[in-house]
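Numbered per our numbering, the sequence shown finishes at 72, counting up by one with no gaps. Here's the structure we're looking at; comments come further down.
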Amino acid sequence: MYFDPVCHKKINKEENSHKILYQRKFYFFCSDKCQKEFEKNPKKYYWEDVRKLKIPKDEKGSR
Ligand SMILES: [Zn+2]
Numbered sequence: 010m011y012f013d014p015v016c017h018k019k020i021n022k023e024e025n026s027h028k029i030l031y032q033r034k035f036y037f038f039c040s041d042k043c044q045k046e047f048e049k050n051p052k053k054y055y056w057e058d059v060r061k062l063k064i065p066k067d068e069k070g071s072r
């Protein structure tokens, strides 16, 4: 499961064609609009994503 870094929606990557490669990582988007938003200001969303990666793992099991 992936999250749209712009609007934080869940993305099912099999069904989604809105993706870009940035900093050697794929980012998925719910729509063209979000993708463009990311392209306009990738650093903003890129850093948000980095912050999220620091969330402790136990959040996964808490539903
Ligand atoms: Zn979105």
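For every residue, glycine included, the Cβ atom is placed at its ideal position computed from N, Cα and C.
- Looking at the DSSP output, F38 shares a beta bridge with no other residue.
- For Q32, the closest C-alpha among the options Y11, F12, P51 is that of P51.
- Judged by beta-carbon spacing, K28 lies within the 9 Å limit of F38, meaning their Cβ atoms are closer than that value.
- In this structure, K28 has its CB at a distance of at least 8 Å from all heavy atoms of ligand 1.
- The closest heavy atom of ligand 1 lies 8 Å or more from the beta carbon of K52.
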